[in-house]
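Novice: Got a structure for you, written out below as structure tokens; questions coming shortly.
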Amino acid sequence: MSESAVEDAAKGGSGAPLRLSAPGTTADLSEVRDWIALLKPRVMSLVVFTGLVGLLLAPQRLHPTLALAAVLCIAVGAGAAGAINMWYDRDIDARMRRTADRPIPAGRIAPEAALGFGVTLAAASVVVMGLATNWLAAGVLALSIAFYVFVYTMWLKRRTPQNIVIGGAAGAFPPVIGWAAATGAVGLEPLVLFAIVFVWTPPHFWALSLFAHQDYARAGVPMLPVVAGARETRRQIMLYCLLLAPLGLAPWALGFAGPAYAVAAALLGAGFLRQGWRVLRDAQDADGRSLTGDAPARRCFRYSLVYLAVLFAALAADRLALGGAAG
């Protein structure tokens, strides 16, 4: 490989690094890991779980094989959107320490290959969802992929600090998809779950952006701390925590979850309020910058992941318990 080709690959260009490894070697496994990394598996795991809960809550039951197919389609669709996002954002990723080692900016996967990979998986996930369950679920899956790619990634992310607020809808669709896969319709219950994930998204990502604001500023991404400052971001996190705490109780208030879920949701909501308050009261300098290394924001970010996972797990457990009692 020429020196210019190596440089082009390192910059995320069309050139791809030469692999001299034999099949089955460590380098081969590393390449597989790179392709998996394009799917953003950490993000995908939470998305898949909320979609599974949406499917479990539905009054109709899919055959286990079809249910598995539906969950896999949600996973593949989410991963496909992540791969296309990495293709489009490769210039941003290259400027951010947190993302510079992703496969495309690091030169391990060519951008065109990543785009083809993402588009192929996106199309396959939608078609298989339609054939395995119904075309409403496939349509909502297609909408979620398109929203993440075109509305969030290509339109909002580089233009407005409200990118996460509006773009958060993309990650809120999976419970609706799961419900639609089982029922062929969309009801109040999945829309409530959509609202919970939608309101959860801003404090989750703004907590991250507080301790990664230098990365975002370096890449020119107008996240709220970069545009409005850390102090305003802390206020907004607290505001969304105040909105989320009662919203988490909505499934119980509307009658599709029992008292055990209500207790779990109340405790989780109180915990999120506590984290938001700690972020708001973090020791700051005159410009609102943290004097503690943004430790409260880091804890809030980690707690937000626990909150959503445990809340949806409690909802699933509550429904399974009620179903068992009814049986």
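Per numbering that gives the first Met the number 0, the sequence shown starts with residue 0, numbered consecutively.
Beta carbons are placed, not taken as given, at the ideal position from N, Cα and C, and that holds for glycine.
1. Cutting at 6 angstroms between CB atoms, please list the residues of its own chain near I108, excluding the five before and the five after it.
2. Here's the rule I'm using: 16 or more other beta-carbon atoms within 10 Å means buried, otherwise exposed. How should R217 be labelled?
3. Excluding the 5 residues flanking V125 on each side, which residues of the same chain have their C-beta closer than 6 angstroms to its C-beta?
4. Rank T232, A206 and P245 by C-alpha distance to the C-alpha of A378 and give the top, closest one.
5. For L319 and A227, what's the separation of their Cα atoms in angstroms?
6. Helix, strand or coil for Q161? Go by DSSP, reduced to three states.
7. Please say whether A264 and W276 have beta carbons closer to each other than 9 angstroms?
8. So is L37 buried or exposed if we call it buried at 16+ other beta carbons inside 10 Å?
9. With DSSP as the reference, label A320 as helix, strand or coil.
10. Return the residue from the list F255, L45 and G166 that minimises the CA-CA distance to V191.
11. Residue ranges of each beta strand (DSSP E) run of no fewer than 3 residues wholly in the segment 104-143, ordered along the chain?
12. Which class does P22 belong to by DSSP, given the choice of helix, strand or coil?
13. Going by DSSP in three states, Q235 sits in which element: helix, strand or coil?
14. Roughly how many angstroms lie between the CA atoms of V309 and P201, to the nearest whole one?
Specialist: Per the coordinate set shown:
1. Excluding sequence neighbours, I108 sits near D33 and P102.
2. R217 comes out exposed.
3. The beta carbon of V125 sits closer than 6 angstroms to the beta carbons of A137, L140 and A141 from its chain, once the five residues preceding and following it are set aside; these are given in chain order.
4. Residue 378 is absent from the model: the chain starts at 0 and stops at 326.
5. Between L319 and A227, the C-alpha separation is close to 44 angstroms.
6. Coil, per DSSP.
7. No, these two residues do not count as a Cβ contact at 9 angstroms.
8. Residue environment for L37: buried (at least 16 other C-beta atoms within 10 angstroms of its C-beta).
9. A320 carries a helical assignment under DSSP once its states are collapsed to helix, strand and coil.
10. The candidate whose alpha carbon is nearest that of V191 is F255.
11. Runs of the beta strand (DSSP E) inside the segment 104-143: none found.
12. For P22, the predicted model reports a pLDDT of 49, less than 50, meaning its position is unreliable; a value from the coordinates is still stated below. Coil.
13. Here Q235 sits in helix by DSSP.
14. Cα atoms of V309 and P201: separation of roughly 18 angstroms, rounded to the nearest angstrom.
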